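Single-structure report; data block below.
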Amino acid sequence: MTYITKCAAILSVSLAVSFVAGCSMVETQSVDSAPEPTPSYDLSQLIHQAHMQQEQRYQSSTQFAPSKHNKTLVNYVEQMALDLVDTMQLEQDISIAVTSFVDLDNSLTKSSQLGNQLSESFIHQLQQFGYGIVDFKTTDQILVNQRGDFVFSREVENLANKRVASHVLSGTLIYRSSGVEVNTRIIDVQSKRVVASSQKLLPYYVLKNDDINLT
């Protein structure tokens, strides 16, 4: 009788432990299966972040500067001179005066080292193609003083009064985010008709490599 009582007691304890364990599992599963809260998003903030990322990608692409390159300003002037020759339907027996390239602003009278260097390079390139170039800055006499011997001048009274060229080459400079846009044209002095034109973007890394001051 005592043996049966002991077995019954052991069985009751086992059932109680099993019941408690089962309740714990049910409670744990209930807690674990609870749905997670849905995160909230700020739509305006997401749009702003997307715009910032797009702007950063654009800036990275426009500020591309290769570590090694062989491009110079002269290479770009050669291409522009070739464009002018291809579009110019004129005989080569003309005289062209080349003036400084100017900033595209309200005055059209501001030039720079780049503007003057472009004009100097075009003088050489167009002559290479066989066109007659007139240097109107040449005076009628040579000025000799202690500083040297000079034949060029920017003083109007020292220059020839008569018209010395049938056409003039000049252009404008527009400063973009990735370089300077150069618009070149050859104009008939008498009719003011544009007889040839060219457009080219000079990357800043090329101008920097040539030590050209843009101010």
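Per this note's numbering, the sequence shown starts with residue 306, numbered consecutively. Quick reminder that beta carbons are idealized off the backbone N, C-alpha and C, glycines included. The structure presented is a predicted model; accordingly, all values stated were derived computationally and were not measured.
In the displayed model, A501 falls within a strand according to three-state DSSP. For the pair D493 and L474, the Cα-to-Cα distance works out to about 9 Å. For H472, the closest of M393, E425, S483, L409 by C-alpha to C-alpha distance is M393. Separation of M385 and L448 (C-alpha to C-alpha, rounded to the nearest whole angstrom) is 35 Å. CA-to-CA, the gap between N450 and K442 works out to about 19 Å. Using a 10 angstroms sphere on the CB of Y480, the tally of other CB atoms stays under 16, which defines it as exposed.
Burial is judged here by how many other beta carbons sit within 10 angstroms of a residue's own beta carbon; T489 has at least 16 and is buried.
Using a Cβ distance threshold of 8 Å, L423 and V511 do not count as a contacting pair. Remark: fewer than three beta-carbon pairs, one from each stretch, lie closer than 8 Å, so the segment 430-437 and the segment 498-509 are not flagged as touching.
Fewer than three pairs of CB atoms, one per stretch, sit closer than 8 Å, so the segment 451-461 makes no contact with the segment 407-416. In this structure, the CA atom of A355 is about 29 Å from the CA atom of L506.
With fewer than 16 neighbouring CB atoms inside 10 Å of its own CB, F434 falls in the exposed class. Inter-residue distance for K513 and I491 is about 28 Å (C-alpha atoms, whole angstroms). Out of R452, G476, Q495, the CA that lies nearest to the CA of V469 is found in Q495. Note on S426: 16 or more other CB atoms within 10 angstroms of its CB, so buried under the neighbour-count rule. Check the Cα spacing between I401 and each of V407, V390, Q350: the tightest is with V390.
Here the alpha carbon of L387 sits roughly 32 Å from the alpha carbon of E460. Of the residues assessed, D408 falls on the buried side of the cut-off, its CB having 16 or more other CB atoms within 10 angstroms. In the structure shown, Q451 adopts coil according to DSSP, grouped into three states.
Between the C-alpha atoms of P508 and D440 there is a straight-line separation of about 29 Å. If you ignore the 5 residues before and after S417, its C-beta comes within less than 8 Å of the C-beta of D408, L478, N518, L519, T520, all in its own chain and listed in chain order. Secondary structure of I428 (DSSP, three-state): helix.
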